[in-house]
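If you're matching positions, the sequence shown starts at 1 in the numbering used here and goes up one per residue. Ideal Cβ placement from N, Cα and C applies to all residues, glycine included.
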Amino acid sequence: MGAKIPKGALISGPPGTGKTLLAKACAGEAGVPFFYISGSDFTEMFVGVGSSRVRDLFKQAKEHSPSIIFIDEIDAVGKKRKNQGNDERDNTLNQLLVEMDGFDTDGNVIVLAATNRLNLLDPALTRPGRFDRNIEITLPDIDGRREIFLVHLKKLKLENSRTIDQYAKRLATLTPGFSGADIMNLCNEAAIMAARNNKQAVDSLNFELATERVIGGLEKKKIVSEEERKIVAVHESGHAVVSWFLKGGDPLLKLTIIPRTKGSLGFAQYLPNESSLHNKNELFDRLCTILGGRCAEEEFFNRITTGAYDDLKRAYDLCHAIVTKYGMNEKLGFVGYIESDYSKTYSDLTNKDIDEEIHNLIEEATIQTRQIIKQYKEYIQNLSSELLLKETLDLRQIQAILGKRPFEERSNFKEYLKTQEEDMKDLEKQQQQKEQQNYPEGQENDGQEKKQKVTPGLLRLQTDLSDLGTDLPKNATLEWPDKEVLTFMKLTVWPDVTSYWGGAKYAFTIEISPDYPHAAPKVHCETKIYHPNIDYQGNVCLNILRADWKPVLNLYNIISGVLFLFIEPNPNDPLNKEAAQQMIDNIKQFELDVKRSLKGGQVNGQYFPKLI
1 MGAKIPKGAL ISGPPGTGKT LLAKACAGEA GVPFFYISGS DFTEMFVGVG
51 SSRVRDLFKQ AKEHSPSIIF IDEIDAVGKK RKNQGNDERD NTLNQLLVEM
101 DGFDTDGNVI VLAATNRLNL LDPALTRPGR FDRNIEITLP DIDGRREIFL
151 VHLKKLKLEN SRTIDQYAKR LATLTPGFSG ADIMNLCNEA AIMAARNNKQ
201 AVDSLNFELA TERVIGGLEK KKIVSEEERK IVAVHESGHA VVSWFLKGGD
251 PLLKLTIIPR TKGSLGFAQY LPNESSLHNK NELFDRLCTI LGGRCAEEEF
301 FNRITTGAYD DLKRAYDLCH AIVTKYGMNE KLGFVGYIES DYSKTYSDLT
351 NKDIDEEIHN LIEEATIQTR QIIKQYKEYI QNLSSELLLK ETLDLRQIQA
401 ILGKRPFEER SNFKEYLKTQ EEDMKDLEKQ QQQKEQQNYP EGQENDGQEK
451 KQKVTPGLLR LQTDLSDLGT DLPKNATLEW PDKEVLTFMK LTVWPDVTSY
501 WGGAKYAFTI EISPDYPHAA PKVHCETKIY HPNIDYQGNV CLNILRADWK
551 PVLNLYNIIS GVLFLFIEPN PNDPLNKEAA QQMIDNIKQF ELDVKRSLKG
601 GQVNGQYFPK LI
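Here it is, written out as structure tokens:
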């Protein structure tokens, strides 16, 4: 056909995307000698050494042709030459240009080179005739990441609750922006964590923790004062809430106030938009999210700290790109200004306009962010309080406080939510399998087995019980009439002897709804009692179960609220109006009637069982 074989190919792309690996694969598939050298190997302080090495390299390649020469990090030797430059690097580059241009097309020697700084290369090096092909390797998309995960996961011993393809699909969703090297590192870190914790296999938790480590760094054992913890909690909650309620904001996956080695006192894991195109509204919402932490500090503490240093730098960089790179500024128009390391392509007057427009854009975003902070201040308060209590919140716990995002979600977040639902189904399946193991083979359960469906309310309750631990008040116990039904429990309390009702025990039931914590639990008193806030049918009047209920409240708060009824009864919000009125009008008679009711018998026309 008359075509000529390309003399070389330049492989460019971000670090860790597999440029060197691709060159090795080419040599392996071709089955020819492969000559590898780094660009920095050519540069020396002695004049002529670099040029000599270039000549020797190409001489060996010709002697062993057909062959491939691969120059890694070619920008170390192939940078643009300065007008008055005459140093050793320029001499080496000139020799490289001569050798590449002097190839006989029948010599069967191909030159491959890799760089992650394509813009720095000398035009004479990148022109056709030297590097005829420019192969750009970008960061992998979600399908690419899944394929890379499949390669690395095959080497690991995985926990068998899901298939290797399910692991790869879930992890690909969690890791936007990861390179192939990042993915390899993540898998290795997860395996190390599993081994360190004496696990038999690598599970989902190991992968989640490894993802946090790759993104945010190691957890630091730094002692942070309580005041700093409060500021960091509010700061991170500000970012989270602003992003959650702006359509262009990235959905939040995890929030923590544990310091990490990459310079942050807190850490938020988002799921970025992987689209290649972004409009101005999306970029503006992203800018507001960046400013959310500083504005939250200002609103809650009426002062600001140095903790927002990195946020302000990111905000400036984003605004600078909006104004000078994307042509999204009305005053400057549809112009993209090009900057190099050595000069600017615009005047000082334009530079002044750029500074003013960046300032105006940041000011506009700050005003809107402050409005959002004020509008959702209660959410920030609840989120920061929960952060101070638990230090780390996952998506399920964040949704319990903030609710669902008020927008149609992007496809990658929908995919993540789908994996969350699959996890819930897996948990339900494991529970059912565990229940079946409680019965010997062939033995029926006579229809008495109760399988509790896994709901968000049950998962939150399990978290509450885990957090409760040994912190249950000393004058209270929790029991489950049916061990298989966690959402229905019996609470027994015995008030202090200083209480009107001291000396006796009182039984309550607590029923957790599937919508918990968005819906308050139902509390019922099983013991007939003479109390202004508990009627004879067992209904309980407790403010935190009604108007004062918030998703941030938990089982410990409910138990404390029940105990508080015996410390500070409220006759102004009664269920037993007779007892309430007597408490207001004649407190001594009220106390006497309470004691009589505890001993059993008739009191004011009602029969009470003996409790003491």
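Can the beta-carbon of residue i be found less than 8 Å from the beta-carbon of residue j?
i    : j    : result
L592 : L611 : no
Y556 : C525 : no
T256 : F245 : no
K254 : L459 : no
A365 : L287 : yes
A114 : I148 : no
T43  : R89  : yes
Y530 : F608 : yes
L237 : I380 : Contrary to the premise, residue 237 reads as Ser rather than Leu in this sequence. Yes, the pair counts as a contact, with Cβ atoms nearer than the cut-off.
R405 : P574 : no
L152 : M184 : Just to set this straight, residue 152 is His in the shown sequence, not Leu. The answer is yes: Cβ separation under 8 Å.
T17  : S275 : no
A201 : E159 : yes
N116 : P14  : yes
N570 : P532 : yes
Decide if residue i is buried, meaning its Cβ has at least 16 other Cβ atoms within 10 Å, or exposed.
i    : result
N273 : buried
N438 : Interpretation of N438 is limited by its pLDDT of 48, a score under 50 that renders its predicted location unreliable; the figure taken from the coordinates is listed afterwards. So N438 counts as exposed.
S12  : buried
A580 : buried
G503 : exposed
F334 : exposed
A321 : exposed
F407 : exposed
T261 : exposed
K7   : buried
G2   : exposed
N412 : buried
E449 : Any reading at E449 needs caution, since the residue's pLDDT is 45, under 50, leaving its predicted position unreliable; the model's value is listed next. E449 should be labelled exposed.
H239 : buried
T92  : buried
G249 : buried
D535 : buried
L186 : buried
Y309 : exposed
Determine which residues share a DSSP beta bridge with residue i and list them.
i    : result
T487 : DSSP, once it has assigned bridges, lists no residue as partnering T487.
F70  : Y36 and L112
C541 : DSSP output for C541 lists no bridge partner at all.
L158 : V202
L465 : In DSSP, L465 forms no bridge with anything.
R133 : A9
Q602 : Y607
G333 : N329
T509 : K490 and H524
Thinking just about the alpha-carbon of each residue, which of the options is nearest to the one in residue i?
i    : options                   : result
Q368 : T455, S12, A476 and S243  : S243
V523 : N475, W501, V54 and R546  : R546
L461 : D141, P517 and N539       : P517
V552 : T492, T463, T509 and P574 : T463
E226 : N134, E299, S67 and L387  : L387
S52  : Y36, N94, G16 and S67     : N94
E282 : K247, A315, D182 and Q269 : K247
G177 : S560, T163, R145 and G28  : R145
C319 : G307, R229, A30 and I362  : I362
Y326 : N279, Q397, I183 and I584 : N279
H235 : I215, A519, Q200 and K377 : K377
K414 : E297, H359 and L174       : L174
A172 : N576, F207 and P123       : F207
S38  : V77, R229 and S65         : V77
T305 : A315, K313 and G293       : G293
L472 : I5, L486 and N554         : N554
K374 : F300, I558, K577 and M489 : F300
For the beta strand (DSSP E) that contains residue i, what are its first and last residues?
i    : result
A190 : It is not in any beta strand (DSSP E) - A190 instead sits in the alpha helix (DSSP H) that spans G180 to R196.
Q269 : F267 to Y270
F35  : F34 to S38
L393 : T392 to D394
L252 : L252 to T256
F608 : Q606 to F608
T477 : A476 to E479
Return the first residue and the last residue of the alpha helix (DSSP H) that residue i is part of.
i    : result
H320 : Y309 to T324
S560 : L555 to I567
H278 : Where H278 is concerned, there is no enclosing alpha helix (DSSP H), given that its DSSP letter is neither H nor E.
K522 : From DSSP, K522 is part of no alpha helix (DSSP H) but of the beta strand (DSSP E) over K522 to C525.
E364 : D348 to Q375
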